[in-house]
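For reference, the structure is listed below as structure tokens.
Residue numbers (my numbering): 1244 to 1980.
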């Protein structure tokens, strides 16, 4: 085996000594000796092993241990486990060796981390299920794993482009929501920005540049805004720090996408933070509200934008007062008010509770969440990725608080419905639920609950759970209980689905071959044929377009869009097209006339030529094209990453693609004529349907157009926005809403 050079040994020692400096004064001699022993053992075990970047591998465990110590504030046992976390997987040492040298607690954490290593595939998802079962026993496994992922994201530059996209998507899919749920906001924000940087490098750099260009102006506004606040707080005897923080590039980009606005239209790019040094003989809540009173004396608050997370902290322990006020130059500014203890917990989350209370007490506070996970995990037949989807519902939602008729408060994820609340209270209540009363008004099971609602659940002995409830249930617990009610029918559903698919193939005189079934599975973004049979059997998938999906080509169609597969030459059927295996190492070129391979455009995101896209290899000869930021791509990257390939457009001029635009503005004489004129002239864009509606002076338009490429669409949107009276032009990806 090749050993490290003297220069490399010196480099490792320097990095380790730098790490020891951050531990100075934090631990006693006994704990420092354990950390030293763990480093020397891990260093010897990894001798000669290098990362993809060429750097000695041991640098990674040192960096993870530093994140564990500094960013998470964990103790010596966690630091030792972080230094050793790759030893069992990457070297000849076994778990028993770790236990003999460092004890059972460290070995248990290392075992949990070893099970979570490797690619994020179905096996990994199943292992995650097992690991979550022990969450209440030792949450440090997840915390160290998040630190491990953070360092991997910081050093992603040496990876190949397709690997970067896969790892970034995986991070956004699971690790960001986990960090959010554990209150690790600083780490969550960094993981989001690093994922964004590698998934959308051009957009990331563009936002970074715009933030830099506005820095001087922004600093002036901040100083002008905080000056009177600082003076008043000082006069009132408050010992506090007033700072500002920027929105992350990722959150700015997400808001631009969600609201269809430009960078300059986002008003809450920065927030002001007031951190009070708490006085022991006055309650923290009172101190924060006193500061709120001072701020709202200076600046007028926005009535619907006061958030009190002190009276009712978030489930992950977050406490703070938020108020949005009108600043001196007509800008809305968010002000966050908290004590130094609250700020520490807001930045470091779960781990910060070690410093403020018995950690076992706080782990007990996590019990309701852990119990929900345990209930979800007990569904033995659930698909691993279906489980992860449901599990994420418990991780990433903002919360609302609703009340029972007796005044008991229940916290639920934002977007929860009546059926979610019923199952949250009791399984039998959920199974028998027929609706609810809110403020004496009857509402259906699908009614979305609002913060502060007082809800009386209505039941009937004749009611039974229905599969359609899954369409509007939003909590993991409710979805799990509804699925449990149908476990006994699973085999029956699968058999029914299989028969329906065979009948559908017989109807179009095509064989139910493995390849044709694969196309159906890929088209509906499922994991396997059993899931397809089950979904069809439950009635969730309609087979009416089966002919198009497996490659039958409609004749005499000049216009092609997402549900059409493109085949080479002038052959009328796909069987006649020559077959060529797709090379996954090269970008898949999307040509207007494909010579020997085929692709189709995913209907979930409806991409058009020129937009950033990736390909999903549904089989060796066919690629489904998705937009890079399509939510389905995130799912595919995490469970079928090896089938995701790079894709690039060539110039498309002849074929056109159905695209939907929404227009909003102020009605005036001739505005409809101007809109239709802009569309029909200059860009050779055809209209399929146009619907205009005006009410109380407000103008709305819903346009279905045939567009050649993204460049033409961008030009059209720009021209439409220049029409006097048009306020917003938004592209709608879902053509069927």
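Beta carbons are placed, not taken as given, at the ideal position from N, Cα and C, and that holds for glycine.
In the three-state reduction of the DSSP assignment, residue 1531 falls in the helix class.
Here DSSP, grouped into helix, strand and coil, assigns residue 1547 to strand.
The beta carbon of residue 1467 sits closer than 7 angstroms to the beta carbons of 1571 from its chain, once the five residues preceding and following it are set aside; these are given in chain order. Membership of residue 1905 in the beta strand (DSSP E) is indicated by the continuous run 1900 to 1909.
Residue 1945: member of the beta strand (DSSP E) spanning 1941 to 1950, first to last residue. Counting only the Cα atoms, residue 1786 lies some 8 angstroms from residue 1744. Excluding sequence positions up to five before and after residue 1829, its CB lies less than 7 angstroms from no other CB in the same chain. For residue 1542, the three-state secondary structure derived from DSSP is coil.
In the three-state reduction of the DSSP assignment, residue 1878 falls in the helix class, which pools H, G and I. C-alpha of residue 1765 to C-alpha of residue 1746: approximately 20 angstroms in a straight line. One Cα belongs to residue 1428, the other to residue 1592, and the distance between them is close to 7 angstroms. Just measuring C-alpha positions, the residue of 1703, 1461, 1404 sitting nearest residue 1444 is 1404. Here the stretch 1504 to 1514 makes no contact with the stretch 1526 to 1543; the two share fewer than three CB pairs at distances below 8 angstroms. Secondary structure of residue 1931 (DSSP, three-state): strand. For residue 1579, the number of other beta carbons within 10 angstroms of its own is at least 16, and it is reported as buried. Under the DSSP assignment, residue 1249 falls in the alpha helix (DSSP H) whose first and last residues are 1249 to 1266.
When the beta-carbon positions are compared, residue 1276 and residue 1325 stay at least 8 angstroms from each other.
Annotation: residue 1285 to residue 1878 spans about 35 angstroms, alpha carbon to alpha carbon. Inter-residue distance for residue 1541 and residue 1487 is about 18 angstroms (C-alpha atoms, whole angstroms). Looking at the backbone, the Cα of residue 1422 and that of residue 1686 are separated by about 35 angstroms.
The C-alpha of residue 1892 lies about 29 angstroms from the C-alpha of residue 1771.
When the Cα atoms are used, residue 1419 and residue 1436 turn out to be separated by approximately 10 angstroms. Apart from the 5 residues on each side of it in sequence, residue 1854 sits with its Cβ closer than 7 angstroms to the Cβ of 1870, 1953 in its chain, given in chain order. The stretch 1264 to 1276 makes no contact with the stretch 1293 to 1302; the number of CB pairs closer than 8 angstroms stays below 3. When C-alpha distances from residue 1543 are compared across 1534, 1562, 1566, the shortest belongs to 1566. Here the alpha carbon of residue 1476 sits roughly 26 angstroms from the alpha carbon of residue 1459. If you draw a straight line from the Cα of residue 1937 to the Cα of residue 1585, it comes to about 49 angstroms.
In the same chain as residue 1710, and ignoring 5 residues on each side of it, the C-beta atoms closer than 6 angstroms to its own belong to 1781, in chain order.
Between residue 1672 and residue 1679 the beta-carbon gap is near 11 angstroms, outside 8 angstroms, which marks them as no contact. Under the three-state reduction of DSSP, residue 1537 is assigned to helix. Within the stretch 1670 to 1752, complete beta strand (DSSP E) segments of at least 3 residues are found at 1676 to 1681, 1684 to 1686, 1698 to 1702, given in chain order. By a beta-carbon distance limit of 8 angstroms, residue 1334 contacts residue 1289. Their separation comes to about 7 angstroms. In the structure shown, the three-state DSSP call for residue 1515 is strand. Looking at the DSSP output, residue 1565 bridges to 1550, 1579.
At the C-beta level, residue 1258 and residue 1302 come within 8 angstroms of one another.
The alpha-carbon of residue 1496 is positioned some 10 angstroms away from that of residue 1509.
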